[in-house]
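Structure, as structure tokens:
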Amino acid sequence: MDEGTNVSGRLGGNSLTLEHDVSLECYSGILSMLLNGAPLGEILHALVLKIEAQRIGTRASVLLLSDDGKRLLFGAAPHLPDNYNQVIHGVEIGPEVGSCGTAAYTGERVIVEDIAKHPFWEKYKTIPLSAGLKSCWSEPIKDSHGKVLGTFAMYYDEIKSPTSQDLILIAEAARLASLAIERSRSMEFQRLAVKIFDRLPLALVITNTSNNVLYANRAFSQIVQPQLAVSPEFHPALFLSPSEPHEVDILFQHLAEGKMWQGELIGLRGNGETFHLDLTVTVFREPHSTQNGFAWLFSDISERKKAAQLIKYQANNDSLTGLANRNALFRQIQELITADCLTPGFSFMLMDLDNFKQVNDTYGHDKGDMLLVQVVEQIKICLNDSIVFSRLGGDEFALLLPGVVTQKELSQLAETINKQVYRRYELSKDKGVYSSVSIGIARFPEDALDLEQLLNCADQAMYISKANGRNRYHFFTEQMQQTAERIANLHTLLKQALDQNAFELYFQPIVNASTGLIVRAEVLLRWQHEGQFIPPDEFIPIAENSGLIVDIGRNVRRSVMETILEMQAHGWSISLALNVSTFEFWSHELQDEFCDSFADIIDDLGRVDFPYELITLEITESLLMKQHVHLIKVLNELRGRGVKIALDDFGTGYSSLSYLANFPIDQIKIDKSFIDRLEEGERHEALVEAIVRLSHALNLSVTAEGVENESQLRFVVANHIQEIQGYLFYKPMTKAAFFELLAKQA
Ligand code: C2E
Ligand code: CA
Ligand code: CA
1231 MDEGTNVSGR LGGNSLTLEH DVSLECYSGI LSMLLNGAPL GEILHALVLK IEAQRIGTRA
1291 SVLLLSDDGK RLLFGAAPHL PDNYNQVIHG VEIGPEVGSC GTAAYTGERV IVEDIAKHPF
1351 WEKYKTIPLS AGLKSCWSEP IKDSHGKVLG TFAMYYDEIK SPTSQDLILI AEAARLASLA
1411 IERSRSMEFQ RLAVKIFDRL PLALVITNTS NNVLYANRAF SQIVQPQLAV SPEFHPALFL
1471 SPSEPHEVDI LFQHLAEGKM WQGELIGLRG NGETFHLDLT VTVFREPHST QNGFAWLFSD
1531 ISERKKAAQL IKYQANNDSL TGLANRNALF RQIQELITAD CLTPGFSFML MDLDNFKQVN
1591 DTYGHDKGDM LLVQVVEQIK ICLNDSIVFS RLGGDEFALL LPGVVTQKEL SQLAETINKQ
1651 VYRRYELSKD KGVYSSVSIG IARFPEDALD LEQLLNCADQ AMYISKANGR NRYHFFTEQM
1711 QQTAERIANL HTLLKQALDQ NAFELYFQPI VNASTGLIVR AEVLLRWQHE GQFIPPDEFI
1771 PIAENSGLIV DIGRNVRRSV METILEMQAH GWSISLALNV STFEFWSHEL QDEFCDSFAD
1831 IIDDLGRVDF PYELITLEIT ESLLMKQHVH LIKVLNELRG RGVKIALDDF GTGYSSLSYL
1891 ANFPIDQIKI DKSFIDRLEE GERHEALVEA IVRLSHALNL SVTAEGVENE SQLRFVVANH
1951 IQEIQGYLFY KPMTKAAFFE LLAKQA
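Below is the structure:
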């Protein structure tokens, strides 16, 4: 609001009706006080004195209406008695409360010529009368909207009615008082506004078109010019120079069109630093002005931005290596897949460290992490900027190669990575490990059409790299897919077969070389699906990997024990050897379950005892690799009951000879591959001789597997191997055929 305009308007509107000589002097005095910002009390005091000076025998007073509009408060009354002022201060206004209380209440002028007789004064008259005041005229003071602000009153020491001049004077006095009150209140408001602006945590700078600063609050100086004083000018273009020029252009265009603008930009501080700001610019124009003004209100959101960026970074990056994480990578792949028609395809490389678990287990996770970080650095050396390098988790990494990359280029890259990664990594002063990665490569859209499929393909290819000796790469092929599908298919069928008890046991007799008599038989599992035998070498690994082997094994044990009892009933004391998978001993719980299952089956069969000595368990070297105390306990427990333990496929596993001495074993079965190679020369013969001698020294009996011809037989017999299993004597056969054979032998 412009005070100057109001003052001149009022003056112009009323001056004609005034007695010029006195009231102009009165006006100019009051106005100069107003313009100089004198306190309200002083102005009213001066006003009262000036009015009193114009009318002899007059005493004047100004009362102010309280904020709630219910009471009159002391304003100025220098010549009224103090005790009277005190009584009036705080008096509640009403329809018959003296002259002023009534005028304030009704908003109308109240003329009381004789206080002593007037009903309005009934309750209040004693004090004014005793002070010699006989009449009182009161004019309500109203603001520009007609709202009552207080009263202006004139008292006389005689009973008196006003002349028209008196009425003009009193009205004018009330108007001047109104001006003073309004002005004072608006100044108060202005002071309050400035105080608020100054304490605002937002920067506020008000400028005109010439970039002159009309106002700048404290926060503005603090944010924009931490070390400098507020300059008399604010140059928005310079201030926003670190922002995207295009965005700044839009801002200025808005302002030029008189529209407000709001958004986030980057600003320049007085010390050259940049910062993020959340800005609102409002355009305004004052009524008397031809220029626009601009209010720039902004906050420094750098910290918030930083926090948001950190959160975003953490959501998309791996904390250890800083690489893109699984989510971020998958999102990018998904985008490429979705934008299929726009992109020419991409390639995906899955990489897995070859010995990470070992490093972690041996040296701890800290060292494991160190290894990962160092390997990442090596891989980075091989990559260009267009490749997205990501850590999927653990020791699994992936590369996303957008655009067409030829098979040759992919091979070269994979080869380079294999070479670059394969090296010694120092984990501490005296600890170093060699590490390498196995890589699987799949391509979109050639190999897969969605993310899951793609991962699957790369995974299969990587699996082949691992299986083929690690530190190498493989492309995904159709063949892998077929294998994977067949495995998945067999898995389903295997489950059904188990539910339907569709397995059958075959028996391969083991004979004593010198007598030719059947001493034992190996029980071999057979599965016929749709009239075709599926070889155990194919379905057993699937059963193992899916855990089905545990149930299958239990069924086999049950059938074997039933068969032993049947044979016993026929009077044939022939022992049966059954194969036990390492997976059946995977955990302590499984080992205990395995051990307990025999007693359960015996119970089920309605027996109290069982000829345990007729059971041989064929275990493999891989099981013994674990060297678990618990496993030894379980095997000993079974042996204690009479069960025999045979070490199957001897010589094909890890062949650490120490376990031969440490483990509770009764027999070893020399693997068919050794027998096959006997014909290849003396060195192979020497090997078998050594195995036999070693076994006998350890008091273990020896069985030769896969004896197919006479010369093999001659050699093993010459080397004191008594028990022979092989096609030369018998192939695996049905139970019926086996029983027929035993019946003949008996
Ligand atoms: P394995 O334990 O080494 O079983 C011996 C394998 O050699 C059997 O193959 C047998 O038929 C074969 N064989 C025996 N003598 C000769 C021979 O003179 N010449 C040739 N060429 N082969 C001979 P099969 O029955 O195909 O079993 C393969 C493998 O499947 C077994 O190897 C065993 O590891 C696994 N398996 C078989 N049945 C079971 C079972 O019930 N449970 C478990 N866990 N594994 C089983
Ligand atoms: Ca076997
Ligand atoms: Ca074997």
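Under this note's numbering, read the sequence shown as residues 1231 to 1976, first letter to last.
Think of the CB as a built atom: it goes at the ideal place given N, C-alpha and C, for glycine as much as any other residue.
query                                                                                                                                                                                          : result
What is the rounded straight-line gap between the Cα of W1491 and the Cα of L1422?                                                                                                             : 27 angstroms
Hey, quick one: how far does the alpha helix (DSSP H) through M1963 stretch, first residue to last?                                                                                            : M1963 -> no alpha helix (DSSP H), and no H or E assigned at all.
Go ahead and pull the three-state DSSP assignment for T1882.                                                                                                                                   : coil
Under a criterion of Cβ closer than 5 angstroms to any non-hydrogen atom of ligand 2, which residues qualify, in chain order?                                                                  : N1809, E1848, D1878
Write down every uninterrupted run of the beta strand (DSSP E) in the segment 1807 to 1885 whose length is 3 residues or greater and which is fully enclosed by it, in chain order.            : 1845 to 1849, 1874 to 1880
For G1670, tell me which candidate among D1680, S1695, N1590 has the shortest Cα-Cα distance.                                                                                                  : S1695
Is the Cβ-Cβ distance between T1636 and C1612 less than 8 angstroms?                                                                                                                           : no
Should D1548 be listed as close to ligand 3, given that the test is whether its C-beta is under 7 angstroms from any heavy atom?                                                               : no
Let me know if L1540 comes out buried or exposed under the rule of 16 or more other beta-carbons within 10 Å of its beta-carbon.                                                               : exposed
When DSSP labels each residue in this structure, what does V1937 get in the three-state scheme?                                                                                                : coil
Within a Cβ cutoff of 8 angstroms, which residues of the same chain sit near A1431, ignoring the five residues on either side of it in sequence?                                               : It should be pointed out that residue 1431 corresponds to Pro in this sequence rather than to Ala. Closer than 8 angstroms at the Cβ level, and outside the excluded window around P1431, lie A1449, S1529.
Is A1459 helix, strand or coil by DSSP?                                                                                                                                                        : Bear in mind that a pLDDT of 49 at A1459, under 50, signals an unreliable position, so the model cannot answer this.
The alpha helix (DSSP H) that contains G1662, what's its start and end?                                                                                                                        : Per DSSP, G1662 belongs to no alpha helix (DSSP H); it is in the beta strand (DSSP E), 1662 to 1665.
Mind checking whether the beta-carbon of K1961 lies closer than 7 angstroms to any heavy atom of ligand 3?                                                                                     : no
Taking the alpha helix (DSSP H) that R1653 falls in, what are its first and last residues?                                                                                                     : Note, R1653: premise wrong, no alpha helix (DSSP H); beta strand (DSSP E) at 1653 to 1656.
I need the boundaries of the beta strand (DSSP E) containing P1918, first residue and last residue.                                                                                            : According to the sequence provided, residue 1918 is Val. The question's Pro does not apply to it. Taken as a continuous stretch (DSSP letters only), V1918 belongs to no beta strand (DSSP E), being part of the alpha helix (DSSP H) at 1912 to 1927.
Report the three-state DSSP secondary structure of C1612 (helix, strand or coil).                                                                                                              : coil
Taking 8 angstroms as the threshold, find out whether the segment 1836 to 1853 comes into contact with the segment 1777 to 1785 through three or more Cβ pairs.                                : no
Is the separation between the beta-carbon of H1704 and that of A1714 shorter than 8 angstroms?                                                                                                 : no
From D1977 to S1519, what does the alpha carbon distance come to, in whole angstroms?                                                                                                          : Look at the range of the chain in this structure, 1231 to 1976, and you will see that residue 1977 is not part of it.
Checking 8 angstroms against the spacing of the C-beta atoms, do L1302 and C1330 come in under that value?                                                                                     : yes
Buried or exposed, going by whether 16 or more other CB atoms sit within 10 Å of the CB of R1289?                                                                                              : buried
Mind checking who Q1709 pairs with in its DSSP beta bridge?                                                                                                                                    : In DSSP, Q1709 forms no bridge with anything.
Which first and last residues belong to the alpha helix (DSSP H) in which Y1736 is found?                                                                                                      : Here Y1736 belongs to no alpha helix (DSSP H); instead the beta strand (DSSP E) covers 1733 to 1742.
Which one of F1959, V1605, L1583, F1627 has the shortest CA to CA distance from A1751?                                                                                                         : F1959
Considering only residues of the segment 1355 to 1403, which uninterrupted alpha helix (DSSP H) runs meet the minimum length of 4 residues and lie entirely inside it, listed in chain order?  : 1356 to 1360
Provide the residue span of the alpha helix (DSSP H) that contains S1532, from first to last.                                                                                                  : 1532 to 1546
Residues in its own chain within less than 7 angstroms of W1802 by CB, not counting five upstream and five downstream?                                                                         : L1972, A1976
Does the beta carbon of E1935 fall short of 7 angstroms from some heavy atom of ligand 3?                                                                                                      : yes
Measuring only the C-alpha atoms, how far is A1934 from N1809?                                                                                                                                 : 16 angstroms
According to DSSP, which residues form a beta bridge with T1332?                                                                                                                               : In the DSSP output, where bridge partners are listed per residue, T1332 has none listed.
Going by DSSP in three states, Q1762 sits in which element: helix, strand or coil?                                                                                                             : strand
What does the Cβ neighbour count give for G1243, buried or exposed, with the cut at 16 atoms within 10 Å?                                                                                      : In this predicted model, G1243 has a pLDDT of only 38, less than 50, meaning its place in the structure is not dependable enough to derive any value.
Give me the Cα-Cα distance between P1370 and Q1284, rounded to the nearest whole angstrom.                                                                                                     : 20 angstroms
Please work out which residues of its chain come closer than 8 angstroms, Cβ to Cβ, to D1680, disregarding the five sequence neighbours upstream and downstream, and give them in chain order. : I1567
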